[in-house]
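Residue numbers (my numbering): 671 to 980.
First comes the structure, then the notes that go with it.
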């Protein structure tokens, strides 16, 4: 213990130390226990260069002015100073051990703090990477949301167009139905008139064939002839037949024209229906393709699709 604490004492007191002899308490078990026990047989005492320095540190003792022929070990002052020095050495060694323990604890704390710092840096880097991933995902989600909004706008626009087309088609169908109904009514009336005319003509022809005078024949013949000179009875019959045939042909031509107009109207209606159905099918196909292009997040949305029912 003494040899380890000597440099510390040299630093504290600024004096030189030397080993002067054997501790007198080493072999004496009845030495002063309260002052400490000497662990070495050598006693370390300060080697003062001047009496002034000695007086300033320990005070002036009567033994300092005694002659040098008396040894330091035999003087009681030397014994007290040695005991005091040993006690200081023990205290200093205790303080040194405490300082070493504190330094060791501080070093361990420093190592632990360095390790914690490295772990925190790793966590910070991981959190930064996660933050970048979250930002990228947020940007991609924003992009997908904008794309979905655009798709929704297109779908709403297409639905509005389909609805307007359906309304127009319904109006055209009603108009054509009314036209067809009117044409059918006109056709029925024309057929009835033609049938009545045919019956009348048949009746007239029958009457003429029987040779009976037909009421109003003379008047009609006169009207047809336009004041021409009278003709024979056979010529009169021929002219009446020609007149009736002309009327029948006119009525037949009217019926044929009405049928042609009706067929043309029906053909136009069929063309309009086919054209509108084709447009609706094209819009529905485009809408399905747009829905297929949507991301996975939008698959659970129920988007209404225009039906082909007219």
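All C-beta atoms, glycine included, are put in the ideal place defined by N, C-alpha and C.
Within 10 angstroms of its Cβ, does residue i collect 16 or more other Cβ (buried), or is it exposed?
i	result
residue 727	Since pLDDT at residue 727 reaches only 44, below the 50 mark, its modelled position is unreliable, and the value read off the structure follows with that caveat. That one is exposed.
residue 830	exposed
residue 878	buried
residue 981	As displayed, the chain neither begins before 671 nor continues past 980, which places residue 981 out of reach and without an answer.
residue 755	buried
residue 796	exposed
residue 766	exposed
residue 844	exposed
Hey, how far is the Cα of residue i from the Cα of residue j?
i	j	result
residue 953	residue 848	29 Å
residue 718	residue 748	At residue 718 the pLDDT is 40, less than 50, meaning the model places this residue with poor confidence; the figure from the coordinates comes in the next sentence. Near 13 Å, if we compare the C-alpha coordinates of residue 748 and residue 718.
residue 914	residue 873	11 Å
residue 761	residue 778	25 Å
residue 805	residue 814	14 Å
residue 853	residue 928	7 Å
residue 819	residue 825	10 Å
residue 709	residue 788	At residue 709, the pLDDT of 43 sits below 50, so the modelled position is not reliable; the number obtained from the coordinates is stated separately. Taking the straight line from one Cα to the other gives about 47 Å.
residue 911	residue 861	21 Å
residue 763	residue 772	14 Å
residue 812	residue 803	14 Å
residue 936	residue 959	34 Å
residue 794	residue 774	30 Å
residue 909	residue 859	28 Å
residue 780	residue 758	32 Å
residue 891	residue 880	Here the model assigns residue 891 a pLDDT of 42, short of 50, so the residue's position is not dependable and the matter cannot be decided.
residue 783	residue 792	14 Å
residue 817	residue 823	10 Å
residue 888	residue 875	Reliability fails at residue 888, whose pLDDT of 44 lies under 50, so the model's placement of it is uncertain and the value that follows must be treated cautiously. If I take the Cα positions, the gap works out to 14 Å.
residue 785	residue 798	20 Å
residue 837	residue 808	43 Å
residue 846	residue 955	29 Å
residue 934	residue 916	27 Å
residue 801	residue 776	36 Å
residue 930	residue 821	48 Å
residue 790	residue 770	29 Å
residue 944	residue 871	45 Å
Measure how close the beta-carbons of residue i and residue j come, nearest whole angstrom, since I'm counting them as under 8 Å.
i	j	result
residue 918	residue 868	6 Å
residue 842	residue 942	6 Å
residue 925	residue 857	7 Å
residue 865	residue 922	Incorrect: roughly 11 Å between the Cβ atoms, too far for contact.
Does the separation of the CB atoms of residue i and residue j fall below 8 Å?
i	j	result
residue 839	residue 957	no
residue 946	residue 835	yes
residue 850	residue 950	no
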